[in-house]
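Engineer: Residue numbers (our numbering): 1 to 340.
To start, I am sharing the structure in question, which I have written as structure tokens.
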């Protein structure tokens with residue numbers, strides 16, 4: 001594909017993204033994204049919120065009420081926006097994102113970050129795991145087919161503090177029983193990120209020039225990642241390393257915990273079976289167990305170059321983030337209860 005330059009675009013073309021709309025600006029990843037975008041001073045950030053929303057939004061953000069089932073409502077909210085970031089709860093209707101993508105195209109939004117956060121959806125092994133990830137990848141096709149918008153997708157792995165604090169279904173921490181479940185040998189490496197790192201990454205991306213100015217411009221531009229995934233990571237880590245960090249932070253010892261080992265594949269298959277029987281909560285167990293298969297599917301850093309250095313992302317401190325997870329546990333963090 002030929003390289004595009006800003007000088008060759010039409011007279012109305014802007015080589016920077018100024019107006020950004022966010023759906024889910026009060027959520028786990030939406031909030032830090034909004035905060036970091038505002039912090040740059042380069043963007044006008046607008047939150048699309050449902051009527052009656054109880055989400056606490058960052059200071060400096062504009063709000064526009066929207067009805068996702070009403071196309072005119074979406075048109076009004078998205079008109080004039082350069083970019084749209086979609087973060088939806090797991091409880092959102094399956095066709096919600098498609099409606100939003102179509103409305104964004106009809107109002108001329110050029111850049112869309114779809115609701116694709118987490119595992120590497122370019123990995124066919126994962127996508128074909130029976131967990132609905134093919135629908136996530138389908139969002140890329142939906143955006144490209146509009147002929148108007150380009151997609152940008154942040155592949156970030158599981159959110160670290162959030163995942164640790166949820167409990168045994170994710171990384172195996174059963175805080176109530178002081179029991180640690182290690183999958184296989186507990187030494188499978190996977191990539192994880194913090195929501196804060198995701199926020200910084202998105203703000204850095206959307207602060208780049210879209211295209212090089214001309215043939216002599218060697219600066220990093222957003223065009224490098226248009227219709228391609230952006231890989232970032234806070235840590236490439238094992239369950240055992242998470243557990244060691246927890247013990248360092250809390251001062252707890254091995255003898256304070258019961259450690260057991262389970263097959264990641266068996267956990268995954270049991271999760272799928274429970275899902276077939278109507279237990280939708282088993283999705284979390286199946287998803288995390290699948291990514292932690294010892295075949296390396298969750299270790300995208302070994303296959304793809306990370307954009308951390310290119311984007312100037314900081315190196316985070318594992319124990320500091322584990323300490324944050326402990327605070328969440330102590331406060332009784334409930335992921336589903338906080339969904340808007």
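Glycine included, C-beta positions come from ideal geometry on N, C-alpha and C.
Flag this pair as yes or no: are the beta carbons of residue 165 and residue 192 separated by less than 9 Å?
Structural biologist: As a working mapping, residue 165 is identified with position 165 in the chain shown. As a working mapping, residue 192 is identified with position 192 in the chain shown. Taking 9 Å as the Cβ cut-off, residue 165 and residue 192 do not qualify as a contacting pair.
Engineer: Residues in its own chain within less than 6 Å of residue 4 by CB, not counting five upstream and five downstream?
Structural biologist: As a working note, residue 4 is residue 4 in the chain shown. These residues qualify, in order along the chain: 211.
Engineer: Going by DSSP, what residues sit across from residue 262 in a beta bridge?
Structural biologist: For the purposes of this step, residue 262 is identified with residue 262 of the chain shown, where counting begins at 1. BP columns for residue 262 point to 183.
Engineer: Over the uninterrupted beta strand (DSSP E) stretch that includes residue 228, give me the two end residues.
Structural biologist: Residue numbering aside, residue 228 sits at position 228 when the chain shown is read from its first letter. Here the beta strand (DSSP E) through residue 228 covers 228-231.
Engineer: Measure how close the beta-carbons of residue 286 and residue 272 come, nearest whole angstrom, since I'm counting them as under 8 Å.
Structural biologist: Here the question's residue 286 lines up with position 286 in the chain shown. Here the question's residue 272 lines up with position 272 in the chain shown. Sure, about 5 Å apart at Cβ, within 8 Å.
Engineer: Thinking residue 301 and residue 236 are a contact (beta carbons under 8 Å), I'd like their distance in whole angstroms, please.
Structural biologist: For the purposes of this step, residue 301 is taken as residue 301 along the chain shown, with counting starting at 1. For the purposes of this step, residue 236 is taken as residue 236 along the chain shown, with counting starting at 1. Rounded, the Cβ-Cβ distance is 5 Å, consistent with contact.
Engineer: Rank 298, 168 and 316 by C-alpha distance to the C-alpha of residue 177 and give the top, closest one.
Structural biologist: Working through the chain shown from its first residue, we reach residue 177 at position 177. Nearest option by C-alpha distance: 168.
Engineer: Can you list, in chain order, the residues of its chain whose CB lies under 6 Å from that of residue 81, leaving out five sequence neighbours each side?
Structural biologist: Here residue 81 corresponds to residue number 81 of the chain shown, with the count starting at 1. Closer than 6 Å at the Cβ level, and outside the excluded window around residue 81, lie 19, 21 and 109.
Engineer: Mind checking whether residue 181 and residue 155 have CB atoms under 9 Å apart?
Structural biologist: Residue numbering aside, residue 181 sits at position 181 when the chain shown is read from its first letter. Residue numbering aside, residue 155 sits at position 155 when the chain shown is read from its first letter. It is not a contact, given that the beta carbons lie outside the stated cut-off.
Engineer: For residue 21, report the span of its beta strand (DSSP E) as first-last.
Structural biologist: Walking along the chain shown from the start, residue 21 turns up at place 21. Run containing residue 21: 19-23, per the beta strand (DSSP E) assignment.
Engineer: Do you know offhand how far residue 278's Cα is from residue 171's?
Structural biologist: Numbered from 1 along the chain shown, position 278 holds the residue referred to as residue 278. Numbered from 1 along the chain shown, position 171 holds the residue referred to as residue 171. Rounded to whole angstroms, residue 278 to residue 171 spans 23 Å at the Cα level.
Engineer: Let me check understanding here. Comparing Cα to Cα, which of 61, 13, 308 and 55 lies closest to residue 198?
Structural biologist: Taking the chain shown and counting its residues from 1, the one referred to as residue 198 is at position 198. Taking each of 61, 13, 308 and 55 in turn and checking the Cα distance to residue 198, the smallest one comes out for 308.
Engineer: Buried or exposed: where does residue 161 fall if 16 or more other Cβ atoms within 10 Å of its Cβ makes it buried?
Structural biologist: Looking up residue 161 in the chain shown gives position 161. A residue is called buried once 16 or more other Cβ atoms fall within 10 Å of its Cβ, and residue 161 is buried on that count.
Engineer: Would you please verify whether the beta carbon of residue 73 is less than 9 Å from any beta carbon of chain C?
Structural biologist: Within the model displayed, chain C is absent; a lone protein chain is all it includes.
Engineer: Suppose you measure from the CA of residue 65 to the CA of residue 48; what does that come to, to the nearest Å?
Structural biologist: Numbered from 1 along the chain shown, position 65 holds the residue referred to as residue 65. Numbered from 1 along the chain shown, position 48 holds the residue referred to as residue 48. Each residue's Cα considered, the two are about 6 Å apart.
Engineer: Are residue 284 and residue 175 close, meaning C-beta to C-beta below 9 Å?
Structural biologist: Mapped onto the chain shown, residue 284 falls at position 284. Mapped onto the chain shown, residue 175 falls at position 175. It is not a contact, given that the beta carbons lie outside the stated cut-off.
Engineer: In angstroms, rounded to a whole number, what distance separates the CA positions of residue 43 and residue 37?
Structural biologist: Reading the chain shown from its first residue, position 43 is the one you call residue 43. Reading the chain shown from its first residue, position 37 is the one you call residue 37. Each residue's alpha carbon lies about 6 Å from the other.
Engineer: Are the stretch 181-190 and the stretch 210-226 in contact at 8 Å, needing three or more beta carbon pairs?
Structural biologist: no
Engineer: Could you pull out every residue in the same chain whose Cβ sits closer than 6 Å to the Cβ of residue 57, ignoring the five residues on either side in sequence?
Structural biologist: Here residue 57 refers to the residue found at position 57 when the chain shown is read from its first residue. Excluding residues within five positions, the ones whose Cβ falls inside 6 Å are 25, 26 and 47.
Engineer: With DSSP as the reference, label residue 118 as helix, strand or coil.
Structural biologist: The sequence position of residue 118 within the chain shown is 118, counting from 1. DSSP places residue 118 in strand when its eight states are reduced to three.
Engineer: Starting from the Cα of residue 70, find the closest Cα among 98, 53, 30 and 61 and give me that residue.
Structural biologist: If you number the chain shown from 1, residue 70 lands on position 70. Nearest option by C-alpha distance: 98.
Engineer: With DSSP as the reference, label residue 59 as helix, strand or coil.
Structural biologist: Position 59 of the chain shown, counted from the start, is the residue given in the question as residue 59. Three-state DSSP puts residue 59 in coil, outside helix and strand.
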